[in-house]
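So the structure is just underneath, and the comments pick up after that.
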Amino acid sequence: MELRLPGGVRRRRRCAAAGRARRLRPDHRHRHRLRQRPGGGVARRRVPGRCRAGGLHRDARAVPPRGARARAPGADQGRDHGNLRAGAGRGRHHRRPDHPRGAGGGHRTGEPRPVPHPRPRRHPVHLGLRRDDRAPGRRRQPGRPAPPGDDRRGAPRRRGAAGRRGQRVRLHAGGGRGDGAGAVNAWERLTGHDPAAPAVHSAEGVTGYGELAALVDRCAAVLRALGLAPGEVLAVEVDEGLPAVIALVAALRAEVPFVWLNPTHPPVRREQVVGDCRPAALLTWEAGGPVARRLGGRPAAVPADTGCVVYTSGSTGTPKGIVQPRANLDQFARWFAAELALAPGSRVLQWAVMSYDAAYAEVLAALHAGATLVVPSAGEKSDPARIAALVAEQRVSHLLTVPSLCRALFTARADRPLPEVRSLGLFGEVLPPDLLTAAARYLPDAEVRNFYGPTECTLATWYRVPAGFTGEVVPVGRPIPGREVLLDGTGTGTGTGTGVGEVLVRSRYLAHGYLGREDETAQRFLADPGGDPAVRVYRTGDLGRYDAAGELVFVGRLDDEVKIRGVRVRLGDVEAALSTAPGVAEVAVRLHGAGRVAPGIAAYVVAHPDRRPEVTALRRHAVRVLPPVMVPAHYVLLDDLPRTSTGKVDRAALPPPVRAPLGRPPSGELERELAGIWRDTTGCAEIGVDDDFFGVGGYSLLAPDVVARVRTRLGLAVPRRAVFDHSRFGDFAAYLTTLRVPTKEQP
Numbered sequence: 001m002e003l004r005l006p007g008g009v010r011r012r013r014r015c016a017a018a019g020r021a022r023r024l025r026p027d028h029r030h031r032h033r034l035r036q037r038p039g040g041g042v043a044r045r046r047v048p049g050r051c052r053a054g055g056l057h058r059d060a061r062a063v064p065p066r067g068a069r070a071r072a073p074g075a076d077q078g079r080d081h082g083n084l085r086a087g088a089g090r091g092r093h094h095r096r097p098d099h100p101r102g103a104g105g106g107h108r109t110g111e112p113r114p115v116p117h118p119r120p121r122r123h124p125v126h127l128g129l130r131r132d133d134r135a136p137g138r139r140r141q142p143g144r145p146a147p148p149g150d151d152r153r154g155a156p157r158r159r160g161a162a163g164r165r166g167q168r169v170r171l172h173a174g175g176g177r178g179d180g181a182g183a184v185n186a187w188e189r190l191t192g193h194d195p196a197a198p199a200v201h202s203a204e205g206v207t208g209y210g211e212l213a214a215l216v217d218r219c220a221a222v223l224r225a226l227g228l229a230p231g232e233v234l235a236v237e238v239d240e241g242l243p244a245v246i247a248l249v250a251a252l253r254a255e256v257p258f259v260w261l262n263p264t265h266p267p268v269r270r271e272q273v274v275g276d277c278r279p280a281a282l283l284t285w286e287a288g289g290p291v292a293r294r295l296g297g298r299p300a301a302v303p304a305d306t307g308c309v310v311y312t313s314g315s316t317g318t319p320k321g322i323v324q325p326r327a328n329l330d331q332f333a334r335w336f337a338a339e340l341a342l343a344p345g346s347r348v349l350q351w352a353v354m355s356y357d358a359a360y361a362e363v364l365a366a367l368h369a370g371a372t373l374v375v376p377s378a379g380e381k382s383d384p385a386r387i388a389a390l391v392a393e394q395r396v397s398h399l400l401t402v403p404s405l406c407r408a409l410f411t412a413r414a415d416r417p418l419p420e421v422r423s424l425g426l427f428g429e430v431l432p433p434d435l436l437t438a439a440a441r442y443l444p445d446a447e448v449r450n451f452y453g454p455t456e457c458t459l460a461t462w463y464r465v466p467a468g469f470t471g472e473v474v475p476v477g478r479p480i481p482g483r484e485v486l487l488d489g490t491g492t493g494t495g496t497g498t499g500v501g502e503v504l505v506r507s508r509y510l511a512h513g514y515l516g517r518e519d520e521t522a523q524r525f526l527a528d529p530g531g532d533p534a535v536r537v538y539r540t541g542d543l544g545r546y547d548a549a550g551e552l553v554f555v556g557r558l559d560d561e562v563k564i565r566g567v568r569v570r571l572g573d574v575e576a577a578l579s580t581a582p583g584v585a586e587v588a589v590r591l592h593g594a595g596r597v598a599p600g601i602a603a604y605v606v607a608h609p610d611r612r613p614e615v616t617a618l619r620r621h622a623v624r625v626l627p628p629v630m631v632p633a634h635y636v637l638l639d640d641l642p643r644t645s646t647g648k649v650d651r652a653a654l655p656p657p658v659r660a661p662l663g664r665p666p667s668g669e670l671e672r673e674l675a676g677i678w679r680d681t682t683g684c685a686e687i688g689v690d691d692d693f694f695g696v697g698g699y700s701l702l703a704p705d706v707v708a709r710v711r712t713r714l715g716l717a718v719p720r721r722a723v724f725d726h727s728r729f730g731d732f733a734a735y736l737t738t739l740r741v742p743t744k745e746q747p
C-alpha cells in the first residue's frame, strides 16, 4: 500500500538528499516534527492513541507484521523495518535491540513495551561531535582565543566522515550499506529467501533455507525451554559444521548470550574460560539434535543485549572475555554483506573457527544475503590442502581468512588457480605485499580487501587493494560506517596525535567491555569527548599513521600483544603459563621469525639451582596448558635474564634462538630425504634424529605440507595425524619404513 507523504515532508527529504536541509522554513520543520530513525527512515513523530498502520518509513510502503512469514509484494528484501510495523499496538513505541536507550536489550517479539513519555527522545543520524576547531560542550566565537589547553596544532587526526574544517563529523546510523537492524535477525531472513535455495553445504549435504529455518526453530525452542534469566550465559560445545551454524543462529534468535568453547584448546584452558564466565547452561549436539541442560553454581550475568562473549589472550595468564552486544554483530554483518555484494548464488567459505567472531560475520552476512555457506568439517578447517580442494570443488566465490592461512592455501594449490573466487578478504595480521602477487596469480578475478579491527569494535577499517599494487606497506584503509578513527600521540586518550599515535576507535558499536575486569574496561573504553552517551572511544593499543593518500597504516603495538596466524596473543599469558612448569625460576618470551609461514614464540627459561628442566618437559607442559598457537617454538635455557637499568627484563637484549641439532645427523636415503622435507617446511637449517617437529619451528598448519611432500617425494601415503603421533624425527623416519603402499601423484 503506497502512502503519499505531505508536501512539506517531500520537500524536506529532497533538500536533505541534496545537503540543503537548512533552507526549509522553520514552520515546516515544526509542523511535521520530522526526525530520522536509526534505520535510516524518515517518520512522523507519533502521539499515543494515534498510529498509522505501518507508519511512514524510508520507501513509504506498509510493512507486514514482524512475525509474518511472507513478505509483502515489492517489499525491500534488503532492509528490515521491524521498528515500524503494522499490528504492533496503537500509540506504542517499540525499542529496537540496538537502540542506545533500550536497556534490557530492547523488545522481544510479541511483547510490546510502551514508552511512558509521549515524545520519545530524538535519535539523530549524526553523533554531534564537531571537528577539532570546537571545544567539547561549547561554541567558539570568531576571533575568540581557544580555551586553555586547547591547542589547535595538536588537534585530533580523524578519519570517518570527510568534511571541511568546522563541519560535523557523522558516524552514519542509517543507510543500506551497513547500519540498522536486520542481519542478526537471520532467522527471519531465512524465511524471506526461497525455501528451496541452498543455505548451507556441509558434510551433512545441502540444506535449503526452508529446512534450515525449521532446524533453527527447533534449537531455539530448546534454548528457551531452559528458562534462563536475562544476561545468563550459555556455553556452546558443538562441532564445526551444520550443527554449529544452527546453534549460532538459534542462540541469537532466542536472545541468549553465548560463549563458544574451542575444542582445539587444552582442557585446562577451557576450564579457565568456564570458570571466568560461569555459564548457566550448556548446549551440545547429539545424533538426535540439540541437547541443553542447566549447570549448577552461581552463573555470571552480562547485559541482556549481549550476543556473545569472545575470549582472547589475557596478560595475567588467564583468558579474558569480550562482551559483544547483538547490535554490533548486526550492523557489521549488514555492511559486510553489502560491501562484498553477497547475493543468492554467492558461495561463502566458512573457514574461521566458531570460537572467533570472524566466523559469526561469515555466517550472518551470508544468511542475510541469501547466499550459500560452504562449511568445512573440523578436520578440513585445519588442513589448507583440503580447504583448497573444497574451494575448487564447491566453486567458492568469497574467501575470508588471515594472510598466513591464505599463503598456506596457495602453497597447497601448487600452480592451479582458483578462477571462481571473486572476493578475497584478509584480516588478523599484517598483509605482506608479496602475498598480493601470489593472490593475483592464484585468484586472477578476485577483488582483495584488507580489514582491520580488534574484537572490541568488531571491525574498524577496510582497504580495497587496487590491481597492480606496488607499495611497500599495504594500508588498512578507512573506517567502515559507524566508526571514526583517531590517532592519539599523547597517551591521554584524547586523539590529539599528528604523526604516529595510538589508534582510537569512536563508535556506538563497541563491546560492553571485559567480563569481570572493570578496571581494564575503564582504561580501554572511554567516554565520548563529544558528550554523546550512546558513543564511546576504544583505545586499541595499536600504533598507526596516515599515508599520503589519507589511508591508515598499521605500525605496531604499545604493549606485549602480538598476532600469530591471526590470533591475539599476550606474551605475558605465555610467561604465566610456563612459570608454573617444574624447575622454572624465571621465564621471558619473545616473538621471533621462526618458521616459513608465520612467526613463532621463543621462551627463555632460568632454571632453579637444584632442578634443571628438560626442553621436552617444558614443551609437554606448554602443550598441556596453552592453546596450540601459543605454544613456544623454541626454548632457550639461560643463567639469567638480561635487565634494564630499572631492573625490568630487557626483551630486546634476549638472544635469538640458536640451536644445535639434537642427536646424530640423518643417515640413509630415507632419513636424508625426510630431513630435507623438514628443512623446507620449517625453515630450520639443521635437523637431528632426536629433534621434535614442533621444536624446530613446526606447527599444526604445516603438518599437511609435510604430508604432501612425503607423498610427492617418497610416494608414501601418510595421514596428517602421523606428524603429531611421531613428532620426533627418528620416530617419524621409523614409521615411514613400515609403510610400503606407494600412491599416485596428485592430479
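One point on numbering: in UniProt numbering, the residue at position 327 of the sequence shown is 327, and numbering is uninterrupted. For each residue, glycine too, the CB sits at the ideal point set by N, CA and C.
- Secondary structure note for Ser404: it is in no beta strand (DSSP E), and the uninterrupted alpha helix (DSSP H) holding it is 403 to 413.
- Residue burial is scored here from C-beta neighbours: Glu671 has at least 16 other C-beta atoms within 10 angstroms and is therefore classed as buried.
- Note on Thr207: 16 or more other CB atoms within 10 angstroms of its CB, so buried under the neighbour-count rule.
- Short of 6 Å from the beta carbon of Val503, and not among the five residues preceding or following it, lie these beta carbons of its own chain, in chain order: Thr540, Asp542, Gly544.
- When DSSP states are grouped into helix, strand and coil, Trp351 belongs to the coil group.
- By the neighbour-count definition (other C-beta atoms within 10 Å, threshold 16), Pro403 is a buried residue.
- Here the C-alpha atom of Ser423 lies approximately 25 Å from the C-alpha atom of Val485.
- Cβ-Cβ distances below 6 Å link Pro263 to nothing in the same chain once the five nearest sequence neighbours on each side are left out.
- Straight-line measurement puts the Cα of Leu638 at about 24 Å from the Cα of Arg728.
- Counting only residues of its own chain and dropping the five nearest sequence neighbours on each side, Tyr442 has a CB closer than 7 Å to the CB of Phe410, Arg413, Pro417, Leu418.
- From the listed residues Glu255, Thr312, Ala250, the smallest Cα separation to Val302 is found for Glu255.
- Rounded to the nearest angstrom, the gap between the Cα atoms of Ala717 and Ala734 is 15 Å.
- With a cutoff of 8 Å on beta-carbon distance, Asp357 and Thr458 are scored as near each other.
- For Ala708 and Ala365, the gap between their C-alpha atoms comes out near 34 Å.
- If you look at Asp519, you'll find it in the alpha helix (DSSP H) that goes 518 to 524.
- Excluding residues up to 5 positions away in sequence, Glu240, Asn262, Thr264, Ala359, Lys381 lie with their Cβ nearer than 8 Å to the Cβ of Val353 in the same chain.
- According to the DSSP assignment, Val707 belongs to no beta strand (DSSP E) but to the alpha helix (DSSP H) extending over 703 to 709.
- In terms of CA proximity to Gly583, Leu618 leads the group Leu340, Leu618, Ala300, Leu487.
- DSSP assignment within the stretch 182 to 255 yields the following whole alpha helix (DSSP H) runs of 4 residues or more, N-terminal first: 186 to 192, 209 to 224, 242 to 253.
- As summarised for the stretch 425 to 481, the continuous beta strand (DSSP E) elements at least 3 residues long and confined to that stretch are 447 to 452, 461 to 465, given in chain order.
- The Cβ atoms of Leu435 and Arg464 lie no closer than 8 Å to each other.
- Collapsing the DSSP output to three states places Ser507 in a strand.
- When the Cα atoms are used, Glu362 and Ala214 turn out to be separated by approximately 21 Å.
- Below 8 Å, too few C-beta pairs join the stretch 216 to 231 and the stretch 269 to 279 to call them touching: fewer than three.
- The way I'd put it, the stretch 555 to 574 does touch the stretch 622 to 632; three or more beta-carbon pairs between them come closer than 8 Å.
- By the Cβ rule, the stretch 507 to 518 counts as touching the stretch 325 to 336, because three or more pairs are nearer than 8 Å.
- Non-local beta-carbon contacts of Leu739 in its own chain, meaning distances under 8 Å to residues more than five positions away in sequence, involve Leu716, Ala717, Val718 in chain order.
- In chain order, Leu702, Asp705, Val706 place their CB closer than 6 Å to the CB of Thr681, counting only its own chain and leaving out the 5 sequence neighbours on each side.
- Counting along the chain, the unbroken alpha helix (DSSP H) around Gln331 starts and ends at 326 to 339.
- Within the model, the alpha-carbon separation for Gly370 versus Arg524 is close to 37 Å.
- Residue environment: Lys320 is assigned as buried (16 or more neighbouring CB atoms within 10 Å of its CB, all protein chains considered).
- As for any alpha helix (DSSP H) of minimum length 4 sitting wholly inside the stretch 539 to 586, the runs are 571 to 578, ordered along the chain.
- A residue is called buried when at least 16 other Cβ atoms come within 10 angstroms of its Cβ; Thr470 does not meet this threshold and is exposed.
- Only exposed fits Lys648, as fewer than 16 other CB atoms lie within 10 angstroms of its CB.
- Under the three-state reduction of DSSP, Cys308 is assigned to strand.
- Each residue's CA atom was taken as its position, placing Val555 and Val500 some 8 Å apart.
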